Amino acid sequence: SQTIHQWPATLVQPVGSPLSLECTVEGTSNPNLYWYRQAAGRGLQLLFYSVGIGQISSEVPQNLSASRPQDRQFILSSKKLLLSDSGFYLCAWNTGVDYGYTFGSGTRLTVV
Amino acid sequence: KQEVTQIPAALSVPEGENLVLNCSFTDSAIYNLQWFRQDPGKGLTSLLLIQSSQREQTSGRLNASLDKSSGRSTLYIAASQPGDSATYLCAVKGGSYIPTFGRGTSLIVHP
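Heads up: the protein sequence lines correspond to chains A and B, in order. For the first sequence, this note's numbering assigns the number 163 to the initial residue and increments by one for each residue that follows. For the second sequence, this note's numbering assigns the number 1484 to the initial residue and increments by one for each residue that follows.
Next up, the structure:
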């Protein structure tokens, strides 16, 4: 069966420190992968998506970047975190236009 | 650009009531619509996926309907329970890889 793993679950980082969040999918190949951010009291904001290895599309200008070094691995990074980067980060995947989306359990990031 | 609206934004009901959550969208050219549940501090859990060719999907006490022509979907929850308390989101998928999410309906079912 397909599963999605996202870690860490919670993270507290100082302003200016780097960030690396990882998401991996098991049980499928060539998934479409997504990074979302959910700020308190706001909706889901799409940050990046990828339809293949090395293919990254950015939806909004950010202090963040994404990479897909392997077929089922999606990484969200930052060189220097800002206070405004705090939020709940969610990874998701799907395959094909007729299929729904499956989300990971999320990472709560607090920048202090 | 697709816009998705969920009404009401919040709902508080006593246990046992039958509920209807609404999701409306502006562009009827969709592939599918998906309903999710999100518990506080957790990820999104898929409840139901309705393809554009379908009118409804059912799972247990949940029933989701889709009316593409009017740009509407409803999630019906029968005999609500305190464990149903969560935020419910709908996501509409059009021709791109990107779904459009509503802001959600926050549901509280009190004993």
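A virtual CB, placed ideally from N, CA and C, is assigned to each residue, including glycine. All of these numbers come straight from a predicted model, not from anything done at the bench.
Beta carbon proximity, residue i to chain A, threshold 8 Å
i, result
"isoleucine 1560 (chain B)", "no"
"asparagine 1515 (chain B)", "yes"
Spatial distance of residue i from residue j (CA atoms)
i, j, result
"alanine 254 (chain A)", "arginine 230 (chain A)", "13 Å"
"threonine 186 (chain A)", "isoleucine 166 (chain A)", "6 Å"
"alanine 1492 (chain B)", "glycine 266 (chain A)", "24 Å"
"leucine 173 (chain A)", "leucine 181 (chain A)", "9 Å"
"threonine 1557 (chain B)", "alanine 1547 (chain B)", "6 Å"
Contact set between residue i and chain A, taken where Cβ atoms lie within less than 9 Å
i, result
"isoleucine 1490 (chain B)", "Within 9 Å Cβ-Cβ: nothing; isoleucine 1490 (chain B) doesn't reach chain A, min ~14 Å."
"alanine 1574 (chain B)", "Leu206, Gly262, Tyr263"
Neighbour list for residue i in chain B, Cβ cutoff strictly below 8 Å
i, result
"asparagine 194 (chain A)", "Tyr1580"
Residue i: contacting residues in chain A (beta-carbon distance under 8 Å)
i, result
"phenylalanine 1584 (chain B)", "Gly205, Leu206"
Residue i: contacting residues in chain B (beta-carbon distance under 7 Å)
i, result
"phenylalanine 265 (chain A)", "Gly1526, Leu1527"
Any chain B beta carbon closer than 8 Å to residue i
i, result
"valine 174 (chain A)", "no"
"glycine 305 (chain A)", "Residue numbering for chain A in the displayed model covers 163 to 274; residue 305 (chain A) lies beyond these limits and cannot be assessed."
"valine 222 (chain A)", "no"
Beta-carbon neighbours of residue i, restricted to chain B and to distances below 9 Å
i, result
"arginine 270 (chain A)", "Gly1524"
"valine 213 (chain A)", "Tyr1580"
Under 7 Å from the C-beta of residue i: neighbouring residues of chain A
i, result
"glutamine 1595 (chain B)", "Examination of residue 1595 (chain B) is not possible in this model, given that chain B is present from 1484 through 1594 alone."
State whether the stretch 1503-1512 of chain B contacts the stretch 201-220 of chain A, with contact taken as three or more CB pairs (one from each stretch) at a distance under 8 Å.
Touching, no, given that fewer than three Cβ pairs across the two stretches are closer than 8 Å.
For the structure I just gave you, are there three or more beta carbon pairs, one from the stretch 1551-1564 of chain B and one from the stretch 1490-1503 of chain B, closer than 8 Å?
The stretch 1551-1564 of chain B, when compared against the stretch 1490-1503 of chain B, does touch it at the 8 Å Cβ threshold.
Which of the residues in the stretch 243-260 of chain A, read from start to end, lie with their CB under 7 Å from any CB of chain B?
Listed in sequence order: Leu252, Val259, Asp260.
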